[in-house]
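The structure appears below as structure tokens.
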Ligand code: ATP
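Residue numbers (the UniProt record's numbering): 1 to 234.
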């Protein structure tokens, strides 16, 4: 579904991503794990068209994404939940969700999907009219995920969904990610929380200072000495 090959992204002199190649097959949850500054967010932002690559290719269902503007990438069925959530403050929960569907014209479909999001995240329904800024961190994460789902993505990009959340919310967020995947959405998940990410992922890649150093099934990586030592405190 998504093929990234020999990707290179620089910020001036900083080589944030170097020669990175990976793939995401339809139906999978694939995770990229790595420490702070490893280049994870940069990779996601480049897929979404928010950063420019210096070299390499990003092909989604045979289409070269590097030739498309961000909004056209969303129209192709890719939506991103950014790190730090970035809900629209001053807009209600419902308005935030509607913003997620801004490129869609199927009014009935949008209404139906709003109901599906409310079923998945009942707390958002309860707080439908509330200013998004007043939600807790976990609720804002749910809102950001709900907003991304309103675009009806086939590939969902998640940037550190567990960051800053209480343990009980972290469990819940990963459960929801598995659930969204089981209902047919392919997921590319960026995480520092290696353990939880590898537990839900079909496959994973480990990034260190801009390079992929290891890859395998979620289980293989969970059990690898290198991952245990570097990321799981084992
Ligand atoms: P984190 O989990 O902390 O977000 P990350 O793995 O997502 O880390 P990136 O945010 O992709 O890492 O950053 C990769 C490298 O690029 C880091 O060295 C970072 O300081 C640098 N970097 C990221 N964004 C910029 C920017 N806009 N300008 C300059 N350097 C940047």
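By construction, the Cβ of each residue, glycine as well, lies at the ideal position given by its N, Cα and C atoms. A quick note: this is a predicted structure, and the numbers were derived from the prediction, not measured.
Endpoints, beta strand (DSSP E) assigned at residue 31: Here residue 31 refers to the residue found at position 31 of the chain shown. Segment 29 to 33, the beta strand (DSSP E) holding residue 31.
For residue 225 and residue 110, the rounded distance between their alpha carbons: Mapped onto the chain shown, residue 110 falls at position 110. Mapped onto the chain shown, residue 225 falls at position 225. Using only the alpha carbons, I get a separation of about 46 Å.
Under 8 Å between C-beta atoms of residue 78 and residue 102: For this step, residue 78 is matched to residue 78 along the chain shown. For this step, residue 102 is matched to residue 102 along the chain shown. No. Outside cutoff.
Ranges of the beta strand (DSSP E) found wholly within the segment 84 to 150, counting only runs of at least 3: none
Inter-residue CB distance, residue 190 and residue 156 (contact presumed, cutoff 8 Å): Along the chain shown, read from residue 1 onward, the residue named residue 190 stands at position 190. Along the chain shown, read from residue 1 onward, the residue named residue 156 stands at position 156. Actually they are not in contact, since the Cβ atoms of residue 190 and residue 156 sit about 12 Å apart, beyond 8 Å.
Proximity of residue 132 and residue 88 at Cβ, strictly below 8 Å: Counted from its first residue, the chain shown places residue 132 at position 132. Counted from its first residue, the chain shown places residue 88 at position 88. Yes; because the gap between Cβ atoms is below 8 Å, this pair is in contact.
Check: residue 162 C-beta below 7 Å from any heavy atom of the ligand SAM: Among the ligands in the structure shown, the ligand SAM does not appear; only the ligand ATP can be found there.
Backbone CA spacing between residue 22 and residue 169 [nearest angstrom]: Position 22 of the chain shown holds residue 22. Position 169 of the chain shown holds residue 169. If you take the alpha carbons of residue 22 and residue 169, they lie about 29 Å apart.
Residues near residue 193 in its chain [Cβ-Cβ closer than 6 Å; skip 5 each side]: Indexing the chain shown from 1 puts residue 193 at position 193. Excluding sequence neighbours, residue 193 sits near 162.
Burial state of residue 108, where buried means 16 or more other Cβ atoms lie within 10 Å: Indexing the chain shown from 1 puts residue 108 at position 108. The residue in question, residue 108, is exposed, as its Cβ has fewer than 16 Cβ neighbours within 10 Å.
Inter-residue spacing [alpha-carbon to alpha-carbon] between residue 145 and residue 229: Counting from 1 along the chain shown, the entry for residue 145 is found at position 145. Counting from 1 along the chain shown, the entry for residue 229 is found at position 229. In a straight line, the C-alpha of residue 145 is about 31 Å away from that of residue 229.
Validate contact between the segment 202 to 219 and the segment 18 to 32 using beta carbons, cut 8 Å, 3 pairs: yes
Counterpart residues of residue 227 in DSSP-defined beta bridges: As a first step, residue 227 is located in the chain shown; it is residue number 227 there, counting from the start. For residue 227, which the question treats as bridged, DSSP gives no partner whatsoever.
Residue 129 versus residue 73 - alpha carbon distance: Translated into the one-based positions of the chain shown, residue 129 becomes position 129. Translated into the one-based positions of the chain shown, residue 73 becomes position 73. Straight-line Cα distance between these residues: approximately 30 Å.
Beta-carbon spacing of residue 143, residue 93 below 8 Å: In the chain shown, residue 143 corresponds to position 143, counting from 1. In the chain shown, residue 93 corresponds to position 93, counting from 1. It is a contact, given that the beta carbons lie within the stated cut-off.
Own chain, CB closer than 8 Å to residue 8, minus 5 neighbours either side, in chain order: Taking the first residue of the chain shown as 1, we reach residue 8 at position 8. Correct list, in chain order: 15, 17, 18, 19, 20, 53, 54, 55, 56.
Cβ neighbour criterion (16 or more within 10 Å) applied to residue 40: Within the chain shown, numbered from 1, the residue matching residue 40 stands at position 40. Counting Cβ neighbours within 10 Å, residue 40 comes out buried, since at least 16 surround it.
Sequence-distant residues of the same chain with beta carbon closer than 8 Å to residue 198, five excluded per side: Taking the first residue of the chain shown as 1, we reach residue 198 at position 198. If we look at residue 198 and ignore the five residues flanking it on each side, its Cβ neighbours are 31, 33, 204, 218, 219, 221, 222, 227.
Residue 184 classed as buried or exposed, judged by whether at least 16 other C-beta atoms fall within 10 angstroms: Here residue 184 refers to the residue found at position 184 when the chain shown is read from its first residue. By the 10 Å Cβ count, residue 184 comes out exposed.
Beta-carbon proximity check, residue 24 vs residue 214, cutoff 8 Å: Position 24 of the chain shown holds residue 24. Position 214 of the chain shown holds residue 214. No. Outside cutoff.
When 119, 85, 112, 2 are compared against residue 62, the one with the closest alpha-carbon: Looking up residue 62 in the chain shown gives position 62. Here the closest residue by C-alpha is 2.
Cβ shell of residue 121 (< 6 Å), same chain only, five flanking positions each side left out: Walking along the chain shown from the start, residue 121 turns up at place 121. Correct list, in chain order: 142, 146.
Beta-carbon gap between residue 150 and residue 90 smaller than 8 Å: The residue labelled residue 150 in the question sits at position 150 within the chain shown. The residue labelled residue 90 in the question sits at position 90 within the chain shown. Not closer than 8 Å, so no.
Close Cβ partners of residue 83 (< 6 Å) along its chain, the five nearest in sequence each way excluded: As a first step, residue 83 must be located in the chain shown, where it is residue number 83. Once the five neighbours on either side are set aside, the close Cβ partners of residue 83 are 41, 159, 160.
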